[in-house]
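One structure is given below, encoded as structure tokens.
Protein chains: 2
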Amino acid sequence: MKTVLPPSCPMEALLRVITGPWTIYILWVLSEQGPQRFGAIKRLVPGISTRILTERLRMLEHAGVVWREQAMTIPPAVTYGLTERGAELRGMLDTLGAIARRWEDEGIFAEVRSGTE
Amino acid sequence: MKTVLPPSCPMEALLRVITGPWTIYILWVLSEQGPQRFGAIKRLVPGISTRILTERLRMLEHAGVVWREQAMTIPPAVTYGLTERGAELRGMLDTLGAIARRWEDEGIFAEVRSGTE
DNA sequence: AAAGTTGGTTACTTTAAAGTGCCTACTTTA
DNA sequence: TAAAGTAGGCACTTTAAAGTAACCAACTTT
Numbered sequence: 004m005k006t007v008l009p010p011s012c013p014m015e016a017l018l019r020v021i022t023g024p025w026t027i028y029i030l031w032v033l034s035e036q037g038p039q040r041f042g043a044i045k046r047l048v049p050g051i052s053t054r055i056l057t058e059r060l061r062m063l064e065h066a067g068v069v070w071r072e073q074a075m076t077i078p079p080a081v082t083y084g085l086t087e088r089g090a091e092l093r094g095m096l097d098t099l100g101a102i103a104r105r106w107e108d109e110g111i112f113a114e115v116r117s118g119t120e
Numbered sequence: 004m005k006t007v008l009p010p011s012c013p014m015e016a017l018l019r020v021i022t023g024p025w026t027i028y029i030l031w032v033l034s035e036q037g038p039q040r041f042g043a044i045k046r047l048v049p050g051i052s053t054r055i056l057t058e059r060l061r062m063l064e065h066a067g068v069v070w071r072e073q074a075m076t077i078p079p080a081v082t083y084g085l086t087e088r089g090a091e092l093r094g095m096l097d098t099l100g101a102i103a104r105r106w107e108d109e110g111i112f113a114e115v116r117s118g119t120e
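Next comes the structure, spelled out in structure tokens:
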């Protein structure tokens, strides 16, 4: 999603971090289930490919939202979890989720879907 | 961004409404400048094409975030504005924007960009 | 009489991103 | 002995979305 930022806008930058397929769901999993290993996350996010999961976790790590801890064993055991910044994001996502659920109850999204398909 | 919704998730649905290039900026313009006519919005969102602007406004209208009022004059005069639901979204976007600005001050996004380019 | 205004639509092209499949190197287990 | 699990990497294909450009109706102004 390479957006031509209309003006330089921190909001667009933040949205680039949290949007895109799977991202929110990955954060949700780490938030609800606590720190998890790569394979566990993959199982908790059914359908995601390893490539995309790796990419998203790396991006979230760069953004300081997720930490990564690698045990140098063989095979390696890599664990991911939410940082403080991630938790901060989580509170906001809860608000977002509350609005989303209210809208869903009001039947908004069905219309949106039918309007864009 | 046709997302394979992992589980049925209202949050993903909401994000489909507010994300994508220009969308947030359009909402911001309507929020700050009040209701505007099509041409005015186009001028206030420099660089956007009429096709994308039309598509976004239609989508936001379907989502009940924006209202549309067409005067059947010639040439037609079409005005768009934020609905109550749009205003509700606006409060949330303010929160989002506050977090975004704080992160920007902490220099997060530069890293994210360099990490994904 | 020609050009401009307004709010689009339609068709075509381009591109960024997501998906898919195959590979590693080592260990444990069946 | 071979299969499966671990955490990815790499190359190729596919596709959805954005960009680009041309066109339209109908009326007004120059």
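Residue numbers (this note's numbering), protein chains in the order written: chain Y, 4 to 120; chain B, 4 to 120.
Ideal Cβ positions, reconstructed from N, Cα and C, are used throughout, including at glycine.
Could you tell me whether the Cβ atoms of residue i and residue j are closer together than 8 angstroms?
i, j, result
"Glu107/B", "Pro13/Y", "yes"
"Met95/B", "Ile102/Y", "yes"
"Pro24/Y", "Tyr83/Y", "no"
"Gly89/Y", "Val68/Y", "yes"
"Glu64/Y", "Arg71/Y", "yes"
"Val32/Y", "Ile51/Y", "no"
Grouping DSSP H, G and I as helix and E and B as strand, with all else coil, what is residue i?
i, result
"Gly84/B", "strand"
"Glu109/B", "coil"
"Trp31/Y", "helix"
"Ala103/Y", "helix"
"Ala74/B", "strand"
"Val69/B", "strand"
Exposed or buried, residue i, counting other C-beta atoms within 10 Å across all chains shown (16 or more means buried)?
i, result
"Pro79/Y", "exposed"
"Arg19/B", "buried"
"Ile134/Y", "As shown, chain Y starts at 4 and ends at 120. That puts residue 134/Y outside it, with no answer to give."
"Glu15/B", "buried"
"Ala66/Y", "buried"
"Thr26/B", "buried"
"Gly42/Y", "exposed"
"Gly110/B", "exposed"
"Arg59/Y", "buried"
Can you tell me the Cβ-Cβ gap for residue i and residue j, rounded? I've got them flagged as a contact below 8 angstroms.
i, j, result
"Ile29/B", "Val48/B", "6 angstroms"
"Thr98/B", "Thr98/Y", "7 angstroms"
"Val81/B", "Arg46/B", "Their Cβ separation, rounded to whole angstroms, is 14 angstroms, which puts Val81/B and Arg46/B out of contact at 8 angstroms."
If contact means a Cβ-Cβ distance below 9 angstroms, which residues of the stretch 74 to 88 of chain Y contact chain B? Cβ contacts with chain B: Arg88.
Between the stretch 94 to 105 of chain Y and chain B, which residues of the former have a C-beta closer than 8 angstroms to a C-beta of the latter? Shown in chain order are the members of the stretch 94 to 105 of chain Y whose Cβ falls below 8 angstroms from a Cβ of chain B: Met95, Leu96, Thr98, Leu99, Gly100, Ile102, Ala103, Arg104.
Selection of the stretch 34 to 46 of chain B by Cβ proximity to chain Y, strictly under 8 angstroms: Interface annotation for the stretch 34 to 46 of chain B against chain Y: empty, criterion Cβ-Cβ distance under 8 angstroms.
Near-chain B residues of the stretch 45 to 72 of chain Y (beta-carbon distance less than 8 angstroms), N- to C-terminal order: Answer set for the stretch 45 to 72 of chain Y: Val48, Pro49, Gly50, Ile51, Arg61, Met62, His65, Ala66, Gly67.
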